[in-house]
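In this note's numbering, the protein residues as written are 994 to 1377.
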Amino acid sequence: MGKRVLRTKLCEMLGIEYPILSAGMGPTLIGETTGAPVELVVAVSEAGGMGVLGGAGFTIDGLREAIREIKSKTDKPYGVDLLLPQKLDVGGGLGQKGPNELPLNAILKSMPKPYQDWVQKVKEEMNLPDVEIMVKMNSTTMRPKEAIQVCIEEKVPLFCAGLGNPGFMVEEAHAHGMKVLAITGNTKNARRMAQSGIDLLVAQGHEGGGHTGRIGTLALLPQAIDAAAPVPVLAAGGIGDGRGLAAALAMGCVGVWVGTRFLATTEGGALEVNKKRILQSTDEDTRVSRAYTGKTLRASYNKFHDLWDGSGLEPLPFPTQVLISSALLASFIEGKKEEYVGGLAGQVSGLIKEIKPARQVVEEMVEEAVDILTRRLPESVKAK
994 MGKRVLRTKL CEMLGIEYPI LSAGMGPTLI GETTGAPVEL VVAVSEAGGM
1044 GVLGGAGFTI DGLREAIREI KSKTDKPYGV DLLLPQKLDV GGGLGQKGPN
1094 ELPLNAILKS MPKPYQDWVQ KVKEEMNLPD VEIMVKMNST TMRPKEAIQV
1144 CIEEKVPLFC AGLGNPGFMV EEAHAHGMKV LAITGNTKNA RRMAQSGIDL
1194 LVAQGHEGGG HTGRIGTLAL LPQAIDAAAP VPVLAAGGIG DGRGLAAALA
1244 MGCVGVWVGT RFLATTEGGA LEVNKKRILQ STDEDTRVSR AYTGKTLRAS
1294 YNKFHDLWDG SGLEPLPFPT QVLISSALLA SFIEGKKEEY VGGLAGQVSG
1344 LIKEIKPARQ VVEEMVEEAV DILTRRLPES VKAK
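Here it is in structure tokens:
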């Protein structure tokens, strides 16, 4: 059998073979293992889709280095995803001018006392080790304008805003031959983002991992497509195989934005314990909580969810809450308390049973989607 052909308007726009993008899953302010490292970006792009680097949490210089590494390993199109929050909380010393890195333990001492006391209480009761980790004060999330400039200077083919509206940078990006993508979880933002001049919109349903909204994918997609028209829409949330890809195309989307399935790949940058948790999950084994970042975020269920729920504390704004959760996560990992560790993941986790190379994931998604669209659907549905 010859190589499958599956092309949409997205392929023409981005110069790719298949309408599949890997979600830009990145490290935090602390910079632990990233979900979408260079290796994953290159593998997806080389397979015919488009790999997207999770740029959140890189230092400004680190982002430039990663982009140049991608360009040295593939001549295929790729993207970079950054977080552009409308408002940054700069509590806990995050807004201070000074060194590029600060010890997390020192920053925690400037947090509100109830949060300090709770972290210390958990560590003492669970006999957790103190882990000294450094917080990057010069990360792309803390310095988004500088990070955007790096992407423009490097002429990244596709700029993706994983959080926030990138409309303010569209004109400059277009002047450098770049395209701009935004992500939304509701139709109000879909309309506003489309009107800001972006080239592509991802509509992510409640099922998706990471920061997520309240509307289910099946209900969101047609409404977002209508609201954003004529801006093309990609589907995200609950898509992990060719069936999800075919369904998205049938809904009128030009492609898919896939996160969790690419986390659980050979090249995926998730911690091994998080990959293992995805494989062991059912469709009900994820939770949406503000415990990790201060914003609603879906992750694999673990005992940290219960621990936070019992704290009696309100989550701090983004990204200060990240420091609270990261302080304990580092201690959980060091103390081998894996039952308290769980990474970002969507409800599609229940569909994933094996760690595979990213290329194989792309090829199998395409094969199955083409089979559905050309054989299974015409055989099972009669329409005039």
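Cβ atoms here follow ideal geometry from the backbone N, Cα and C, with glycine treated the same way.
Collapsed DSSP secondary structure at residue i in the structure displayed
i	result
H1169	coil
D1278	coil
I1013	strand
L1077	coil
A1239	helix
I1391	Absent from the structure is residue 1391, since the part of the chain shown begins at 994 and ends at 1377.
F1152	strand
M1127	strand
R1291	strand
H1199	coil
L1087	Note that L1087 scores 49 on pLDDT, short of 50, meaning its location in the model is unreliable and no value can be drawn from it.
L1022	Confidence is the limiting factor: at L1022 the pLDDT is only 48, short of 50, which leaves the residue's position unreliable and the question unanswerable from this model.
M1043	strand
V1334	coil
L1344	helix
A1228	strand
L1309	coil
T1210	helix
V1374	coil
K1349	strand
Y1071	strand
L1264	coil
V1035	helix
P1122	coil
With 16 other Cβ atoms within 10 Å as the buried cut-off, status of residue i
i	result
Q1314	buried
K1375	exposed
P1105	exposed
N1120	exposed
A1168	exposed
R1207	exposed
R1254	buried
S1318	buried
A1362	buried
Q1113	exposed
Q1340	buried
P1312	buried
D1054	exposed
K1002	exposed
A1212	exposed
I1321	The question names Ile, but residue 1321 in the sequence shown is Leu. Buried, by the Cβ-count rule.
L1007	buried
K1074	Lys is not the amino acid found at residue 1074; the sequence shown has Asp there. D1074 comes out buried.
K1268	buried
Residue j beta carbon less than 7 Å from that of residue i
i	j	result
V1263	G1201	Per the sequence shown, residue 1263 should be read as Ala rather than Val. It is not a contact, given that the beta carbons lie outside the stated cut-off.
R1283	P1308	yes
V1354	L999	no
G1041	A1029	no
T1275	G1343	yes
G1198	G1230	yes
A1049	G1019	yes
T1205	R1270	no
L1056	V1143	yes
S1293	A1338	yes
I1348	A1221	no
L1033	G1287	no
K996	E1039	no
V1035	S1015	no
Close beta carbons around residue i, own chain, < 7 Å, minus the five adjacent residues each side
i	result
P1122	S1324, E1327, G1328
I1191	P1159, G1160, V1163, V1173, L1174, A1175, V1224
G945	As displayed, the chain neither begins before 994 nor continues past 1377, which places residue 945 out of reach and without an answer.
E1332	N1295, K1296
C1153	G1017, V1045, G1072, V1073, D1074, L1174
R1184	A1220, A1221
6 Å CB neighbourhood of residue i in its chain, flanking five on each side removed
i	result
A1420	It is not possible to answer for residue 1420, since the shown part of the chain is limited to 994 through 1377.
L1193	L1174, P1225
L1366	A1239
P1137	L1077
P1350	T1259
E1010	G1041
D1278	Y1294
Own chain partners of residue i with C-beta closer than 8 Å, once the 5 adjacent residues on each side are dropped
i	result
V1031	L1046, A1059, E1062, I1063, K1066
Rounded Cβ spacing between residue i and residue j (contact assumed at less than 8 Å)
i	j	result
L1076	G1203	11 Å between Cβ atoms; not a contact.
T1177	Q1216	In fact, because the Cβ distance is near 11 Å, the residues do not count as touching under 8 Å.
I1100	V1128	6 Å
S1132	T1052	6 Å
M1130	E1094	6 Å
L1316	L1097	6 Å
W1378	S1304	Since the first and last residues shown for the chain are 994 and 1377, residue 1378 lies out of range.
I1145	G1233	About 33 Å separates the two Cβ atoms, so there is no contact after all.
Any C-beta of chain B under 7 Å from that of residue i
i	result
P1225	No chain B is part of this structure, which consists of one protein chain only.
Cβ-heavy atom distance, residue i to the ligand FAD, below 6 Å
i	result
E1332	What this structure holds is no ligand at all, so the ligand FAD is not there to describe.
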